[in-house]
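In the working numbering, the protein residues as written are 7 to 645.
Below is one structure, written out as structure tokens, with a few remarks after it.
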């Protein structure tokens, strides 16, 4: 019902927003430095608007869902990538990508990374994910290999990105000192002092509820402060407060304001195979209390090796995740805080190991960016800037391909350019067409359309009560024909890759947008499995609202037959989604004489018979209400 009401209400200009869209905007640390964003109109070339009949309608409402955090456009680098500050192509591509922040130092390496050099109080061996002892390697942030802490700051300076630092929590567990928690917290605080206000966002540890992380299981015979063998959420929560106190005190010393995140699960862990999951959130919420500035989750989206699953999951899972966390906070009497997804990407499936390198990953990334915005995630740090088999830039054995962008780079590049500073409502009447929209402070409207279906569509966009100018601009991103649904290539406005590239990198900054004259209609030809980035010029022109209402009425298809009728007539109508439906019959004065339907109906075509055999002949009306929209038709009873 909610989806249908959103569509109809958007057409009528009524405010309807989900609670997640409004959650904690006033206390969201990721909006502390919110600033209005002006649009940059792209270089363009005049194009002819399609004259084909509309197959899908998208309705925009001027109602603001909330401010957009710029930190949803973050990415990550890992220590094991090495020192990339001297890699010109990597730096240039990262600058063009323009990540709002870069996470460091990992990944799981965060729990074995020592920013100022490896200490002496670490064990020779540790437990792996199978519970076996294996040699322990402490990674030093002072060694040239793989890279140094200083190089991370240099990369941020080169690319103009802010940071997210994951401090080593594992050390608080496996450290051999008399008070390993205090020692690890002191090390984190020293990093805050060294940072000297350059980094606002910090998180404690990486996926520490998982047995793959250093410190999940420790040798209790070597531990000196009585910690249990296996970590718990309660223990992590207790330790979090020690870290937070030390780190905030250090920040105060250097005159900085920092925000620290605590790890939570985004799913019900009560039946998890991992015993730690079962009580993790309860322990964290009970012990952390109000000490965390935000909560941290990770997710890799999708489970099947097919494009439809990977795209559909991206459009539904973020809301499920954040809704679960918020409800779990309420159930466990925790403190409501904004949520950051500090590691995410496509979920790889061994049945198709190429999907992460395909344009489908770029399409999924686009959906995720927009769902994070729509559901008010405060921060998103995509995994990862570079690696051999996945990630945004190639870092494999073929030196001729080194640092080439994979397809998801191109989608992320355009996404930021077409995203404003406030999200607004956008609804589609076709489940294969996803629609997202935002407004710029300078008045433009940014729109993203996702066709996750395998059929092309003609999409008409109705910006209800939104002023527009004379033109709209469009970039269309499509995949290639290789590798089934998982092409390695992406084209932008039919400009494809050159040489060994997977996208049009060499011409990317000069590809013109298609510019269309509005002339009272915004319409696009949307290819199958494609993304459309659209910018509508600012202006004071309002497209005819009566046309919009007529189209909604037309979609309902309300009619009766026969008409006129002598005794019985059948009233027919359509519903576009599950919705509350009321169908009344009125006499010529407007007095209700019968209610034929007052119930929730599924989507589809519906028929109901009306018996007028006991009524006098004359003019009657029947009124259909679907959600918040109503329409009325007349019928004539003749004896």
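Ideal Cβ positions, reconstructed from N, Cα and C, are used throughout, including at glycine.
Cα-Cα separation between residue i and residue j, rounded to whole angstroms
{"i": "residue 283", "j": "residue 354", "result": "22 Å"}
{"i": "residue 361", "j": "residue 311", "result": "7 Å"}
{"i": "residue 75", "j": "residue 443", "result": "15 Å"}
{"i": "residue 474", "j": "residue 62", "result": "21 Å"}
{"i": "residue 471", "j": "residue 67", "result": "7 Å"}
{"i": "residue 586", "j": "residue 595", "result": "26 Å"}
{"i": "residue 521", "j": "residue 499", "result": "12 Å"}
{"i": "residue 177", "j": "residue 164", "result": "31 Å"}
{"i": "residue 590", "j": "residue 458", "result": "38 Å"}
{"i": "residue 147", "j": "residue 508", "result": "34 Å"}
{"i": "residue 489", "j": "residue 314", "result": "15 Å"}
{"i": "residue 105", "j": "residue 511", "result": "17 Å"}
{"i": "residue 374", "j": "residue 392", "result": "20 Å"}
{"i": "residue 428", "j": "residue 70", "result": "6 Å"}
{"i": "residue 91", "j": "residue 293", "result": "40 Å"}
{"i": "residue 570", "j": "residue 561", "result": "23 Å"}
{"i": "residue 382", "j": "residue 616", "result": "47 Å"}
{"i": "residue 461", "j": "residue 485", "result": "14 Å"}
{"i": "residue 97", "j": "residue 221", "result": "34 Å"}
{"i": "residue 142", "j": "residue 125", "result": "13 Å"}
{"i": "residue 417", "j": "residue 351", "result": "14 Å"}
{"i": "residue 41", "j": "residue 493", "result": "38 Å"}
{"i": "residue 270", "j": "residue 531", "result": "42 Å"}
{"i": "residue 264", "j": "residue 257", "result": "7 Å"}
{"i": "residue 115", "j": "residue 86", "result": "8 Å"}
{"i": "residue 161", "j": "residue 80", "result": "14 Å"}
{"i": "residue 467", "j": "residue 547", "result": "15 Å"}
{"i": "residue 4", "j": "residue 191", "result": "In the structure as shown, the chain starts at 7 and stops at 645, and residue 4 therefore has no counterpart that could be examined."}
{"i": "residue 268", "j": "residue 201", "result": "20 Å"}
Burial state of residue i, where buried means 16 or more other Cβ atoms lie within 10 Å
{"i": "residue 516", "result": "exposed"}
{"i": "residue 606", "result": "exposed"}
{"i": "residue 341", "result": "exposed"}
{"i": "residue 111", "result": "buried"}
{"i": "residue 218", "result": "exposed"}
{"i": "residue 409", "result": "buried"}
{"i": "residue 497", "result": "buried"}
{"i": "residue 279", "result": "exposed"}
{"i": "residue 463", "result": "buried"}
{"i": "residue 43", "result": "buried"}
{"i": "residue 364", "result": "buried"}
{"i": "residue 563", "result": "exposed"}
{"i": "residue 390", "result": "buried"}
{"i": "residue 619", "result": "exposed"}
{"i": "residue 482", "result": "buried"}
{"i": "residue 299", "result": "buried"}
{"i": "residue 197", "result": "buried"}
{"i": "residue 336", "result": "exposed"}
{"i": "residue 402", "result": "exposed"}
{"i": "residue 568", "result": "exposed"}
{"i": "residue 536", "result": "buried"}
Collapsed DSSP secondary structure at residue i in the structure displayed
{"i": "residue 639", "result": "strand"}
{"i": "residue 369", "result": "helix"}
{"i": "residue 19", "result": "In this prediction, residue 19 has a pLDDT of 27, which is less than 50 and means its spatial position is unreliable; what the coordinates show is noted afterwards. Correct three-state label for residue 19: coil."}
{"i": "residue 148", "result": "coil"}
{"i": "residue 259", "result": "helix"}
{"i": "residue 289", "result": "helix"}
{"i": "residue 548", "result": "coil"}
{"i": "residue 668", "result": "Given a span of 7 to 645 for the chain in the structure shown, any question on residue 668 remains unanswerable."}
{"i": "residue 392", "result": "strand"}
{"i": "residue 541", "result": "strand"}
{"i": "residue 238", "result": "coil"}
{"i": "residue 219", "result": "coil"}
{"i": "residue 316", "result": "helix"}
{"i": "residue 582", "result": "coil"}
{"i": "residue 204", "result": "coil"}
{"i": "residue 614", "result": "strand"}
{"i": "residue 351", "result": "strand"}
Nearest-angstrom beta carbon gap, residue j and residue i [assumed within contact, 8 Å]
{"i": "residue 233", "j": "residue 179", "result": "6 Å"}
{"i": "residue 118", "j": "residue 144", "result": "6 Å"}
{"i": "residue 581", "j": "residue 613", "result": "Not quite, the Cβ-Cβ distance comes to about 12 Å (not below 8 Å), so this is no contact."}
{"i": "residue 344", "j": "residue 384", "result": "4 Å"}
{"i": "residue 187", "j": "residue 239", "result": "About 16 Å; that fails the 8 Å criterion."}
Neighbour flag for residue i against chain D, beta carbons, 8 Å
{"i": "residue 313", "result": "Of the protein chains in this structure there is only one, and it is not chain D."}
* Asked: Fully enclosed by the region 400 to 488, which alpha helix (DSSP H) runs are 4 residues long or longer?
  -> 413 to 423, all fully within the region 400 to 488.
* **Every unbroken beta strand (DSSP E) within the region 163 to 194, with a cutoff of 3 residues, ordered by chain** => Whole beta strand (DSSP E) segments, 3+ residues: 168 to 173.
* Which ranges would you report for the alpha helix (DSSP H) in the region 56 to 122 if only whole runs of at least 4 residues count? -> 94 to 103
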